[in-house]
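Per the working numbering: the sequence shown = residues 1 to 571. We put the CB at the ideal spot given by N, CA and C, even for glycine. Owing to the predicted nature of the structure, the values given are computational and were not obtained by experimental measurement.
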Amino acid sequence: MPLFSWAQRPATPAAKPATTGKNPPVELLGTDEFVGGEFNGVKIRKLLGNVRFKQGTTLLFCDSAYQYLERNTIDAFSNVRIVQNDTVTITGDKGFYDGNARTARMTGNVVMRDPRMTLTTSLLDYDLSKNLAYYSTGGHLQDPENTLDSQFGYYNTDSKVFSFRRNVHVVTKSNEIRSDTLQYNTLSKVVYFFGPTRIIDKLNRTLYAENGTYNTLTKVADFQKNAKIETPDYLLGGDKLVYDENTSYGIATGHVSMTSKKDNLVIRGDVGRYWRALGKAKVYGSPVMRNISGKDTLYVAGDTLISVEGRPAPPPPPKPKPGIRFQTTAPLPPTQKQLNASVLYVYPRAKIFRNDLQGACDSLTYDRQDSVIYLNKKPILWQEQNQLTSDSMEIRLRNGKIDQMRLYANAFSIAEDTLLNYNQVKGRNMVAYFTDSKLKKITVLGNAESLYFALDGDTALTGMNKAVGASMALRFTEGKKAPKVTYYTNPDASFIPPHELKDEDRKLKGFQWRATERPTRQQVLGRQFGKPAKPKAKAKPKSKKQKTAPKARPVAPNRKAPVATSKPASR
């Protein structure tokens with residue numbers, strides 16, 4: 001009873017909480033029941049019911065508490081609530097408050113709120129001096145625009161910036177973000193990431209980068225390291241990438257690479273632009289396309305490469321009701337083939353390289369659906385020892401191999417033999433047929449002319465065959481130097497022996513041998529697919545002492561030098 005009556009008296013001045021530095025003592029504003037005393041040498045206040053504390057601009061509320069006067073600390077229990085500057089509120093089942101260090105720890109159903117967000121976790125530490133809250137047991141952030149989950153988190157109540165680590169997952173209205181290290185500004189709604197990060201939209205398209213920002217309001221991503229846009233069919237990447245989800249437009253720079261997954265096609269360059277809604281990508285800055293088909297690889301280079309991916313066909317129009325006729329002047333919808341076509345455009349100064357085919361032209365179109373390459377504006381091709389020119393051409397591929405070459409207008413074929421003679425065929429149009437990428441037949445349609453040199457083996461010229469006709473076919477047999485020529489209408493053929501050959505007889509009109517223009521592998525692949533130069537091995541430093549060859553021992557004047565013999569010396 002004497003102890004209890006002492007405890008009911010007001011605290012004396014000596015019982016005021018101790019302070020450290022500039023922090024004021026924690027002030028008790030009120031409670032329903034007050035018990036004070038010294039337990040185990042520690043002065044404690046036991047407070048029950050409607051407990052209220054204050055320190056500066058910070059308020060603390062709870063159902064019950066222990067206040068340690070000398071330590072200036074508080075253990076708070078049940079319905080614990082901390083309010084700072086009337087803006088930040090933290091609630092939980094249990095709390096510990098250190099008035100000297102100005103720190104608080106809240107455990108059990110912890111909720112932190114400010115006007116812009118709500119954070120829930122199981123344990124939260126809050127530094128009131130630095131205005132920094134952090135958790136390490138997993139947290140969930142909710143604001144009007146987004147939700148965010150992570151294993152670790154830090155929140156600066158001044159800058160309104162969250163920092164998250166480990167298993168970070170952000171969900172916005174249009175996509176979700178997964179990362180390992182990420183910051184989020186609750187004012188600007190901008191996400192900053194500093195590690196591998198993926199942004200996945202509702203159509204399963206993915207943005208990937210290892211450094212950059214994403215504005216959840218404007219939906220603009222600015223990626224700075226190993227950036228990529230990935231769709232079910234395509235992958236576009238570069239060192240840097242800016243992508244606007246509103247316009248479905250992205251631009252990549254530095255080591256740009258665009259990959260078509262379904263046909264094993266890769267385009268590399270310095271700058272790439274991507275229009276997702278149009279299914280269109282444009283790459284420039286020494287761009288090169290690589291298309292692998294079996295053992296053959298086709299490379300195409302030019303100043304600019306444009307890839308247009310196929311789109312699915314729209315649903316069929318509804319059937320008209322009986323008795324009602326629809327009248328329209330709109331054009332017919334594209335066919336299924338047109339919608340599914342995947343086309344590559346290369347211009348200007350287009351070049352082609354394959355082990356069995358090289359070429360150049362002003363521009364080309366590669367229809368990947370039909371495996372047809374269209375070459376425009378006076379193209380030139382080399383296929384083994386054959387040179388082909390015309391005003392325009394088509395290269396038709398089958399199973400990754402050359403099947404046909406179609407030459408339109410001013411078609412000219414030249415092949416150099418072992419004696420440096422030039423076998424020639426020309427005409428209005430020409431079709432070259434191949435088997436396993438080997439030339440087997442040439443059909444010339446209109447104004448056909450041919451000039452072939454007959455050889456005895458590979459060393460002697462026996463004459464020259466010259467023919468003119470409306471159309472002709474030349475069939476090439478493996479092992480034979482001259483083709484078998486078939487004339488379709490009224491041919492004019494002649495054989496000229498070697499001693500009667502004149503220089504003007506050796507070339508058809510329009511002849512041009514352009515071997516120096518034949519693209520090399522390195523010219524087409526350039527720096528995009530060219531093998532990096534191997535670093536030169538450093539020369540080993542020479543040792544100061546150089547070993548010299550042993551000197552021969554002099555032979556005595558009265559003795560003969562030993563003679564080498566293959567037989568072993570006898571003992």
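Status (buried if at least 16 other CB within 10 Å, exposed otherwise) for residue i
i	result
N72	buried
R354	buried
N85	exposed
V283	buried
A252	buried
F193	buried
E245	buried
D503	exposed
I395	buried
S260	buried
I373	buried
F511	exposed
K202	exposed
K377	exposed
S307	buried
S163	buried
G469	buried
F476	buried
Q424	buried
P498	exposed
L420	exposed
F34	buried
S342	buried
Proximity to residue i [Cα-Cα], best of the options
i	options	result
L344	G359, D356, L357 and L364	L364
T89	A133, A65 and Y68	A133
S494	G30, S450, K46 and T181	S450
P25	F53, V431, V266 and L305	F53
T91	R290, A432, I402 and D125	D125
F77	G250, E478, D63 and E309	D63
V242	I306, A227, S471 and L508	A227
A277	A209, R205 and T216	R205
K484	D456, R521 and K440	K440
L298	N167, I352 and W275	I352
Y422	M430, N429 and F412	F412
L28	L47, E478 and L119	L47
D180	K43, E500, R165 and D263	R165
G56	A65, N23 and D458	N23
Y452	G30, R521, T520 and K426	K426
T435	I496, D356, D370 and A467	D356
R521	F529, D75 and A515	F529
Residue i - containing alpha helix (DSSP H), residue span
i	result
V524	R521 to F529
Those residues which DSSP pairs with residue i across a bridge
i	result
F193	L182 and G212
V171	T147 and E176
L28	F53
D127	T103 and L132
L203	According to DSSP, which records beta bridges pairwise, L203 is partnered with nothing at all.
D456	A460
N386	Q383 and A415
Q84	T58 and V88
R354	L357
A432	M405 and I442
Distance between beta carbons of residue j and residue i, contact taken as under 8 Å
i	j	result
Q387	I414	5 Å
R102	F96	Wrong, their Cβ atoms sit about 13 Å apart, outside the cutoff.
V80	K94	6 Å
T462	A454	5 Å
N156	N131	6 Å
Q151	M117	The Cβ separation is near 18 Å, so there is no contact.
G238	G212	No, G238 and G212 are not in contact; Cβ-Cβ is about 12 Å, not under 8 Å.
D270	G285	3 Å
V161	N185	5 Å
Start and end residues, beta strand (DSSP E) containing residue i
i	result
N465	A460 to R475
W382	I380 to Q383
R290	V288 to S293
T486	K484 to Y487
L265	L265 to W275
K280	K280 to Y284
D403	K401 to E416
R368	That residue, R368, is in no beta strand (DSSP E); it is neither H nor E in DSSP.
A301	D296 to A301
H499	Careful: H499 lies outside any beta strand (DSSP E) and carries neither H nor E.
S392	S392 to R398
K240	K240 to D244
A515	Note, A515: premise wrong, no beta strand (DSSP E); not H, not E.
G139	G139 to Q142
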